[in-house]
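Protein chains: 2
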Amino acid sequence: MSFVEKVTTAGSKDYVDPSQRIAVFDNDGTLWAEQPVYFQALFLLDRIKQLSPKHPEWAEQEPFATVLRGEPEKILSADEKSLVALAMATHGNLTDDEFKIVVRDWLKSARHPQTGLPFTEMVYQPMLELLAYLRAEHFKTFIVSGGGIDFIRVFAEETYGIPPEQVVGTRNKAKYEIRDGTPVIVKLPELDFIDDGPGKPAGIHLHIGRRPIFAAGNSDGDYQMLDWTTSSEGARFGMILHHNDEDREFAYDRNSSIGKLDKAWTDAETKYWTVVDIKSDWKTIFPTSSSK
Amino acid sequence: MSFVEKVTTAGSKDYVDPSQRIAVFDNDGTLWAEQPVYFQALFLLDRIKQLSPKHPEWAEQEPFATVLRGEPEKILSADEKSLVALAMATHGNLTDDEFKIVVRDWLKSARHPQTGLPFTEMVYQPMLELLAYLRAEHFKTFIVSGGGIDFIRVFAEETYGIPPEQVVGTRNKAKYEIRDGTPVIVKLPELDFIDDGPGKPAGIHLHIGRRPIFAAGNSDGDYQMLDWTTSSEGARFGMILHHNDEDREFAYDRNSSIGKLDKAWTDAETKYWTVVDIKSDWKTIFPTSSSK
Ligand SMILES: [Ca+2]
Ligand SMILES: [Ca+2]
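Protein sequences appear in the order of chains A and B.
Under the numbering used here, the first residue of the first sequence is numbered 1, with each subsequent residue one higher.
Under the numbering used here, the first residue of the second sequence is numbered 293, with each subsequent residue one higher.
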């Protein structure tokens, strides 16, 4: 990849000091799959079912009732507010340590409805190789996701080699308190920040504090992150994955309710963003299996 | 230091994997000095004066009028609200890049009222050595400060070797927008989060995502960070600097309005926090001068 050569070759006019080699990656649809629905949404639904015996009132109360009736597609294709209500009900009031255990347990047992694979094996092999390549060239790699920051942190280090402090995401408010004499962090059932669209550059500003030189995404939710990354001086790289391989993975773009890729695709040429054509560019999709 | 040996020696029962070697440092009074007033407050006052020609209304409007009359001590010893009002007026509506330039220019020209030193030379030599020692032992070092995150980021990398993405602090809201056709991050005149007291563990949770094993501070504002860091399983280290050297630096503790050290000092023994007695423990204070 000539961009990486340019920025890492001493004496090159585009040389970038290692401290400035910041690379940001969207997660859903960029590092792991996101069809037929965001994997975190499946976690929420399973969690609702798990908690339902303690909440008999949910049987009559939306959006919980729909989930418990076994019609999760209705929720998932519905509005964002329902999803947020589910997330608040399931994430809130746990300590961060308790939440980590809940997510870790789920990741161990849950399987993708179509492939039967654990979700952490539905990561893209070429992207894992790209992460490793950039790190070998002294890039610092970050996730910048619309998904929940604490959810992603549970598996990002083992799965992608990205430590918790290099994960940026949507977050709840959290507070410090003493529980049973021990200091803990408690996740509150209140949304604090949505790391999507214009929230992505704002999240990067907050967590990283400088502009990346490399950004990868797959949907219009990455538009502002790509634009902000690539519109400054010096060598910059913007990458968009186009999911167009229905046989080996999934095919969706302009009309998809999940991972809609429309304006970012249209503007890719004038913005000099590289569009990866998964069907023809990727030999392998997932590490453990070459088809869905 | 036996703590570091314990956690870095393979086979030791307290061995900690390098990825978990997170060390957090307060800034004001821990990495650099904070007397007679927080250095960032001096920045705010200078900035008010610099901006005042464009704001004739400030001559009649508090807290600006007091600053412009040349009575900054009154403001600085006053309530936190006045300081926040000043900060909002001076930080708000700049892009992050513009703000960086303003801070960088100020740091170049401003001098400490008593020592005549640039503020970035009023850093503690023994703490610089501690940072370097911990990093050599594969600790990742972070600043966790009640001061402004974007203010500290301007000098933390050059001064302490701590990159922007490892700085946690008090922050304004910020938003992404297109200005003159270019994507920028704008700092809004609205406080988003105060990284002090119970805010410090909450800030660590947000930015780092795991509990540190080492924490250093100098005031009651670090109490919760120290408590949270040291109250979990395994080897942990909490350090408190006690400023008691009036000749070479400053002496202040239980009754100080800035950097008040009272409860954290009282509880240090039962919490097993190490209290550093600056007067007798430190041979050198500042890198370029051994006395104030
Ligand atoms: Ca995506
Ligand atoms: Ca302090």
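The beta-carbon is built from N, C-alpha and C at its ideal position, and this holds for glycine as well.
These figures come from a predicted structure and were not determined experimentally.
When secondary structure is reduced to three states using DSSP, B/Trp-324 falls in the strand class.
For B/Ser-511, the Cβ falls inside the 7 angstroms cut-off from some heavy atom of ligand 2.
Uninterrupted alpha helix (DSSP H) stretches at least 4 residues long and entirely within the stretch 324 to 373 of chain B occur at 331 to 343, 356 to 360, 364 to 368, given in chain order. Residue environment analysis places A/Glu-249 among the buried positions, since at least 16 neighbouring C-beta atoms fall within 10 angstroms of its C-beta.
DSSP places A/Ser-231 outside any alpha helix (DSSP H), giving it a letter other than H or E.
Around the C-beta of A/Pro-164, 16 or more other C-beta atoms lie within 10 Å, and the residue is accordingly described as buried.
Taking C-beta separations shorter than 7 angstroms and ignoring five residues to either side along the sequence, the partners of A/Thr-9 in its chain run Tyr-15, following chain order.
Contact of B/Pro-504 with chain A is not assigned, every C-beta pair being separated by 8 angstroms or more. Within the same chain, Cβ atoms closer than 7 angstroms to the Cβ of A/Asp-195 are found at Val-144, Ser-145, Gly-146, Val-168, Gly-169, Thr-170, Gly-203, the five residues on either side in sequence being excluded. The DSSP-derived three-state label of B/Lys-432 is strand.
Closest in C-alpha terms to B/Lys-555, from the list B/Phe-529, B/Ala-428, B/Thr-521, B/Ser-511, comes B/Ser-511.
With a threshold of 16 other beta carbon atoms within 10 Å, B/Lys-575 falls short and is exposed.
What B/Asp-388 touches in chain A, judged by beta-carbon distance under 7 angstroms, is His-205, going in chain order.
Within chain B, Thr-474, Pro-475 have C-beta atoms less than 8 angstroms from the C-beta of A/Ser-231, given in sequence order. Secondary structure note for B/His-497: it is in no beta strand (DSSP E), and the uninterrupted alpha helix (DSSP H) holding it is 491 to 499. Buried is the label assigned to A/Gly-217, since at least 16 other Cβ atoms lie within 10 Å of its Cβ. In this structure, DSSP gives B/Leu-483 an extended state, which the three-state scheme calls strand. The C-beta of A/His-55 has fewer than 16 other C-beta atoms within 10 Å across all chains shown, which makes the residue exposed. In this structure, B/Thr-407 lies away from B/Thr-451, with their beta-carbon atoms at least 8 angstroms apart. Interface residue (Cβ-Cβ distance to chain B less than 8 angstroms): A/Arg-135 is not classified as such. The C-beta of B/His-430 has fewer than 16 other C-beta atoms within 10 Å across all chains shown, which makes the residue exposed.
Per the DSSP secondary-structure output, A/Lys-175 pairs in a beta bridge with A/Val-186. Here B/Thr-382 carries a helix assignment [DSSP, helix/strand/coil].
Relative to B/Leu-553, the option among B/Ala-315, B/Gly-321, B/Gly-303 whose CA is nearest is B/Gly-321.
Shortest Cα-Cα distance from A/Arg-104 to any of A/Arg-153, A/Gln-50, A/Leu-68, A/Glu-62 involves A/Arg-153.
Short of 8 angstroms from the beta carbon of A/Thr-95, and not among the five residues preceding or following it, lie these beta carbons of its own chain, in chain order: Arg-179, Val-184, Ile-185, Val-186, Lys-187. Measuring C-alpha to C-alpha distances from B/Asp-309 to each of B/Asp-539, B/Gly-526, B/Gln-353 identifies B/Gly-526 as the nearest.
Remark: fewer than three beta-carbon pairs, one from each stretch, lie closer than 8 angstroms, so the stretch 68 to 77 of chain A and the stretch 106 to 115 of chain A are not flagged as touching. Between B/His-535 and B/Trp-520, the alpha-carbon positions lie close to 23 angstroms from each other. Distances from the CA of A/Asp-247 to each of A/Glu-190, A/Ile-278, A/Ile-208 were compared; the closest alpha carbon is that of A/Ile-278.
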